[in-house]
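The structure appears right after this line, and notes come after that.
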Amino acid sequence: MPLIGVVSLCTGRIEKVLIANRGEIACRVMRTAKKMGVRSVAVYSDADRLSMHVAMADEAYHIGPAASQQSYLCMDKILDVAKKSSAQAVHPGYGFLSENTEFAELCKQEGIIFIGPPSSAIRDMGIKSTSKHIMSAAGVPIIEGYHGEDQSDGKLQSEAARIGYPVMIKAVRGGGGKGMRIAHSEAEFHEQLESARREARKSFNDDVMLIEKFVENPRHVEVQVFGDQFGDAVYLFERDCSVQRRHQKIIEEAPGVNMTFCIFCIMVKPLATANGTVDWVHRQCFLEVFLSPCCDFHYSSIPVCDAVPSKGPKITGIQYGDEVSAHYDPMIAKLVVWGEDRSAALKRLRYCLRQYNVSTHSNLYGCISKILLRKGLLSVVNIAALSNKANQMLINIYFAEVELAITYNPDGTYSMETGGQVFHVSGELQMEGDVTYLWCSVNGVLSRPKLVILDNTVHIFSMEGSAQVDVPVPKFLAGVSGSSAQGGAVAPMTGTIEKVLVKAGDSVQKGDPLMVMIAMKMEHTIRAPKAGVIKKVFFKEGSQASRHAALVEMEQEEGAGEE
Numbered sequence: 001m002p003l004i005g006v007v008s009l010c011t012g013r014i015e016k017v018l019i020a021n022r023g024e025i026a027c028r029v030m031r032t033a034k035k036m037g038v039r040s041v042a043v044y045s046d047a048d049r050l051s052m053h054v055a056m057a058d059e060a061y062h063i064g065p066a067a068s069q070q071s072y073l074c075m076d077k078i079l080d081v082a083k084k085s086s087a088q089a090v091h092p093g094y095g096f097l098s099e100n101t102e103f104a105e106l107c108k109q110e111g112i113i114f115i116g117p118p119s120s121a122i123r124d125m126g127i128k129s130t131s132k133h134i135m136s137a138a139g140v141p142i143i144e145g146y147h148g149e150d151q152s153d154g155k156l157q158s159e160a161a162r163i164g165y166p167v168m169i170k171a172v173r174g175g176g177g178k179g180m181r182i183a184h185s186e187a188e189f190h191e192q193l194e195s196a197r198r199e200a201r202k203s204f205n206d207d208v209m210l211i212e213k214f215v216e217n218p219r220h221v222e223v224q225v226f227g228d229q230f231g232d233a234v235y236l237f238e239r240d241c242s243v244q245r246r247h248q249k250i251i252e253e254a255p256g257v258n259m260t261f262c263i264f265c266i267m268v269k270p271l272a273t274a275n276g277t278v279d280w281v282h283r284q285c286f287l288e289v290f291l292s293p294c295c296d297f298h299y300s301s302i303p304v305c306d307a308v309p310s311k312g313p314k315i316t317g318i319q320y321g322d323e324v325s326a327h328y329d330p331m332i333a334k335l336v337v338w339g340e341d342r343s344a345a346l347k348r349l350r351y352c353l354r355q356y357n358v359s360t361h362s363n364l365y366g367c368i369s370k371i372l373l374r375k376g377l378l379s380v381v382n383i384a385a386l387s388n389k390a391n392q393m394l395i396n397i398y399f400a401e402v403e404l405a406i407t408y409n410p411d412g413t414y415s416m417e418t419g420g421q422v423f424h425v426s427g428e429l430q431m432e433g434d435v436t437y438l439w440c441s442v443n444g445v446l447s448r449p450k451l452v453i454l455d456n457t458v459h460i461f462s463m464e465g466s467a468q469v470d471v472p473v474p475k476f477l478a479g480v481s482g483s484s485a486q487g488g489a490v491a492p493m494t495g496t497i498e499k500v501l502v503k504a505g506d507s508v509q510k511g512d513p514l515m516v517m518i519a520m521k522m523e524h525t526i527r528a529p530k531a532g533v534i535k536k537v538f539f540k541e542g543s544q545a546s547r548h549a550a551l552v553e554m555e556q557e558e559g560a561g562e563e
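For the sequence shown, position 171 matches number 171 in UniProt numbering, and the numbering has no gaps at all.
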């Protein structure tokens, strides 16, 4: 962790550090601090009072409600705790206040060490629009776009038209895929702009946007650089982050695939005075500088590193009994593996992934596994081509509808026919403690997968991989269970209703937006599953909706036939 470098640069020794963050990164900083003999101070919101980072800390202080704006983004509360606990330093982790110029300056004024870049560096490089102006003036190529101060809807829309669709609408602060939307046409620009603004306000307390040309099938490469107050600098080579979903990295790989020395020199030469993680896309175009004092950024990311052979560590920020809250980032764990070459690293990664038994209703485990198993997608040639279309292909594979004919035989076995093949299946459930196993035989081949059943979903885990089977609710039970929302729309996850866009009596077409939800700091638009009339709206703005809760009730328009 960068904490080591900061300690060596400071006059005197840091005895106590406050971690102004939560989850995996807070736990990781605490582990490093403990190894160094430094006491750690945690802060927590109402939603995190029983979280792992609170239990790990030497001291923990409550700072407010679950909403980030009232807790983890409150600079005054964080600094009050730092003074109350006599912490000499604050480690911001990533996200939240890690790239906030004002917070870094306030720490300096209070005589508290801010473990990260100085406020001047954050001001110049932490704000994307400012960093692009500086890099462009220095002769570094950037993606064509608008980075101006005029934030009126009309100005932003006219600039998007000048640049040419599709365009990327991006918050000038923060990262992690938040406050980012693609507008493919002028017709959808305003909706995407408002969505990006709302998400940015929730995450960073700032809704200033920049507009730039959207790059199709980009190669996204990062270079890690560090500089200290004595003028020394070091770079830690590059890592390829091209495999992404929703603008968030799924897999990180170092060294970058097919990175020649010439390409590397072109990227690194302009960065001699930089400090942070510098992102590049397309034809060596500067993207941004990520100034968090963390060597790596993780959103369910899995670096595949060529290094000394070793087993991969599993790093998490949760423990048994923890609740994964809808208020914060959904990253719960990451996996890091090494191999003597790329092939060995990928092989070890696939093996380690099979050890994960993640049975949440929605997670990236299956998506990552499919990416690794899909021939060609991680080849040297194709790693940069995991576009939205390829992502959708993987999702379609993962969530495929399968037609299956099942016959119960007199001897207690089953005959299952799918895709023109017949399988003879037998099995029984066995309990071992709290774990359920399925002893089964498929065409004479025995296996013993682990089962986890949540609602109407069965999760199956074995050494060959995992599967998720969604069992549909019979039609005669739909009205009783409420899962069908009487032909309306249901919440895909637990979250807060940010905006209600329809009212009773409104006519809607399939795909029309009905509501906007905020869950895990990301915004999700709920759209009409079919054409019809809104009969009833079940939630108001600001209210909480549980997963699978009916959001609206719809009915057919008079005279309309069944779809």
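Cβ coordinates follow ideal geometry from the N, Cα and C atoms, glycine included. Since we're looking at a predicted model, the values are computed, not measured.
Checklist line | Glu-523 versus Ser-195 - alpha carbon distance | finding: Residue mapping note: residue 523 aligns to position 523 of the sequence shown, counting from 1. Residue mapping note: residue 195 aligns to position 195 of the sequence shown, counting from 1. C-alpha separation (whole angstroms): 7 Å.
Item checked: Sequence ranges, alpha helix (DSSP H) only - wholly within the segment 96-181, length at least 4 -> 101-109, 128-137 and 153-163
Next item on the list: Identify the continuous beta strand (DSSP E) that holds Met-209 and give its terminal residues.
Entry: Start at 1 with the first residue of the sequence shown, and residue 209 comes out as number 209. It spans 209-213 - the beta strand (DSSP E) in which Met-209 sits, taken as one unbroken run.
Checklist line | C-alpha gap between His-548 and Val-490, whole angstroms | finding: Along the sequence shown, one-based indexing puts residue 548 at 548. Along the sequence shown, one-based indexing puts residue 490 at 490. Cα-Cα distance, rounded: 5 Å.
Notebook entry, point to check: Alpha carbon to alpha carbon, how far is Ser-40 from Ala-57?
Noted result: In the sequence shown, the residue the question calls residue 40 occupies position 40. In the sequence shown, the residue the question calls residue 57 occupies position 57. Whole-angstrom Cα-Cα distance: 5 Å.
Next item on the list: In the DSSP assignment, find the beta strand (DSSP E) that holds Met-56 and state where it starts and stops.
Entry: Position 56 of the sequence shown, counting from 1, holds the residue named residue 56. Where Met-56 is concerned, there is no enclosing beta strand (DSSP E), although the alpha helix (DSSP H) it sits in stretches over 52-56.
Check: In whole angstroms, what is the alpha-carbon distance linking Gln-109 and His-91?
Finding: Within the sequence shown, residue 109 is the residue found at index 109, counting from 1. Within the sequence shown, residue 91 is the residue found at index 91, counting from 1. Near 16 Å, if we compare the C-alpha coordinates of His-91 and Gln-109.
Notebook entry, point to check: Counting Cβ pairs closer than 8 Å, one from the segment 126-134 and one from the segment 45-65, do we hit at least three?
Noted result: no
Check: The alpha helix (DSSP H) spanning Arg-31 covers which residue range?
Finding: The residue given as residue 31 occupies position 31 in the sequence shown. 23-35 is the extent of the alpha helix (DSSP H) around Arg-31.
Item checked: Val-435, buried or exposed, once every other Cβ within 10 Å from all chains shown has been counted against 16 -> Residue mapping note: residue 435 aligns to position 435 of the sequence shown, counting from 1. Its Cβ having fewer than 16 others within 10 Å, Val-435 is exposed.
Checklist line | Three-state class that DSSP yields for Arg-239 in the structure shown | finding: Residue 239 sits at position 239 when you count from the first residue of the sequence shown. Strand, per DSSP.
Checklist line | Proximal residues to Asp-207 (C-beta, below 6 Å), its chain only, five neighbours per side dropped | finding: If you number the sequence shown from 1, residue 207 lands on position 207. Excluding residues within five positions, the ones whose Cβ falls inside 6 Å are Arg-197, Ala-200 and Arg-201.
Next item on the list: For the alpha helix (DSSP H) containing Val-81, list its first residue and its last residue.
Entry: To locate residue 81, count along the sequence shown from 1; it is residue 81. Element bounds for Val-81: 75-85.
Next item on the list: Compare the Cα-Cα distances from Ser-119 to each of Lys-132, Val-452 and Glu-105 and report the closest residue.
Entry: The residue labelled residue 119 in the question sits at position 119 within the sequence shown. Of Lys-132, Val-452 and Glu-105, the residue nearest in Cα terms is Glu-105.
Next item on the list: Starting from the Cα of Ser-68, find the closest Cα among Glu-464, Val-81, Arg-181 and Gly-95 and give me that residue.
Entry: Residue mapping note: residue 68 aligns to position 68 of the sequence shown, counting from 1. Closest option to Ser-68, Cα to Cα, is Gly-95.
Notebook entry, point to check: Going straight from the alpha carbon of Val-500 to that of Phe-189, what length do you get?
Noted result: Start at 1 with the first residue of the sequence shown, and residue 500 comes out as number 500. Start at 1 with the first residue of the sequence shown, and residue 189 comes out as number 189. Computed Cα separation, rounded: 19 Å.
Check: With a Cβ-Cβ cutoff of 8 Å, do Arg-246 and Gly-177 count as a contact?
Finding: Against the sequence shown, residue 246 aligns to sequence position 246. Against the sequence shown, residue 177 aligns to sequence position 177. Taking 8 Å as the Cβ cut-off, Arg-246 and Gly-177 qualify as a contacting pair.
Margin query: Considering only the alpha carbon of each residue, which of Gln-224, Leu-287 and Ser-507 lies closest to Ser-215?
Written below: Numbered from 1 along the sequence shown, position 215 holds the residue referred to as residue 215. It should be noted that the sequence gives Val, not Ser, for residue 215. For the residues Gln-224, Leu-287 and Ser-507, the minimum Cα distance to Val-215 belongs to Leu-287.
Note to self: Given a cut-off of 8 Å on the beta-carbon distance, is the pair Glu-99 and Ile-115 in contact?
What the structure shows: The residue given as residue 99 occupies position 99 in the sequence shown. The residue given as residue 115 occupies position 115 in the sequence shown. Cβ distance not < 8 Å, so Glu-99 and Ile-115 don't count as in contact.
Next item on the list: Would you mind reading off the limits of the alpha helix (DSSP H) that contains Glu-199?
Entry: Mapped onto the sequence shown, residue 199 falls at position 199. Run containing Glu-199: 189-204, per the alpha helix (DSSP H) assignment.
Next item on the list: Please state whether DSSP places Glu-253 in a helix, a strand or coil.
Entry: Working through the sequence shown from its first residue, we reach residue 253 at position 253. It is a strand residue.
Margin query: Just to confirm before moving on: does the CB-CB distance between Ala-160 and Leu-97 stay below 8 Å?
Written below: Along the sequence shown, read from residue 1 onward, the residue named residue 160 stands at position 160. Along the sequence shown, read from residue 1 onward, the residue named residue 97 stands at position 97. Not closer than 8 Å, so no.
Next item on the list: For Gly-495, collect the residues of the same chain with a Cβ closer than 8 Å to its Cβ; drop the 5 residues on either side in sequence, then sort them by chain order.
Entry: Taking the sequence shown and counting its residues from 1, one reaches residue 495 at position 495. Around Gly-495: Ala-326, Met-517, Ile-518, Ala-519, Met-520, His-524, Gln-544 and Ala-545.
Item checked: Residues sharing a beta bridge with Phe-423, DSSP -> Taking the first residue of the sequence shown as position 1, residue 423 is located at position 423. In DSSP, Phe-423 forms a bridge with Met-416.
Notebook entry, point to check: Mind checking Phe-103: buried by the 16 CB within 10 Å criterion, or exposed?
Noted result: Looking up residue 103 in the sequence shown gives position 103. Under this definition Phe-103 is a buried residue.
Checklist line | Between the CA atoms of Ala-345 and Pro-117 - distance to the nearest angstrom | finding: As a working note, residue 117 is residue 117 in the sequence shown. As a working note, residue 345 is residue 345 in the sequence shown. Looking at the two C-alpha atoms, the distance is approximately 33 Å.
Check: Taking Arg-239 as the reference, which of Val-225, Asp-232 and Tyr-72 has the closest Cα?
Finding: One-based indexing of the sequence shown puts residue 239 at position 239. Among Val-225, Asp-232 and Tyr-72, the Cα nearest to that of Arg-239 belongs to Val-225.
Margin query: Taking 8 Å as the threshold (C-beta atoms), are Gly-93 and Ala-26 in contact?
Written below: Translated into the one-based positions of the sequence shown, residue 26 becomes position 26. Translated into the one-based positions of the sequence shown, residue 93 becomes position 93. Yes.
Next item on the list: Would you identify the three-state DSSP class for Leu-404, choosing helix, strand or coil?
Entry: To locate residue 404, count along the sequence shown from 1; it is residue 404. Three-state result, Leu-404: coil.
Item checked: Residue-chain proximity (Ala-550, chain C), Cβ-Cβ < 8 Å -> The structure shown contains no chain C; it is built from a single protein chain.
Next item on the list: Can you have a look at Val-552 and say buried or exposed, based on whether 16 or more other CB atoms are within 10 angstroms of its CB?
Entry: Numbered from its first residue, the sequence shown carries residue 552 at position 552. Buried.
Notebook entry, point to check: Rounded to a whole number of angstroms, what is the C-alpha to C-alpha distance between Tyr-328 and Met-168?
Noted result: Along the sequence shown, one-based indexing puts residue 328 at 328. Along the sequence shown, one-based indexing puts residue 168 at 168. So the two alpha carbons sit approximately 24 Å from each other.
Next item on the list: Tell whether a beta-carbon distance below 8 Å holds between Ile-112 and Ala-82.
Entry: Translated into the one-based positions of the sequence shown, residue 112 becomes position 112. Translated into the one-based positions of the sequence shown, residue 82 becomes position 82. In contact: Ile-112 and Ala-82 (Cβ atoms closer than 8 Å).
Item checked: Simplified DSSP state of Val-304, which is helix, strand or coil -> Against the sequence shown, residue 304 aligns to sequence position 304. Reliability fails at Val-304, whose pLDDT of 39 lies under 50, so the model's placement of it is uncertain and the value that follows must be treated cautiously. In the structure shown, Val-304 sits in a strand (DSSP, three-state: E or B).
Note to self: Rounded to the nearest angstrom, what separates Lys-347 and Met-75 at their Cα positions?
What the structure shows: Here residue 347 refers to the residue found at position 347 of the sequence shown. Here residue 75 refers to the residue found at position 75 of the sequence shown. Their backbone Cα atoms lie some 45 Å apart in a straight line.
Margin query: Considering Cα atoms alone, identify which of Glu-432, Thr-407, Asp-411 and Met-431 is closest to Val-422.
Written below: Looking up residue 422 in the sequence shown gives position 422. If we check each option's Cα against that of Val-422, Thr-407 comes out closest.
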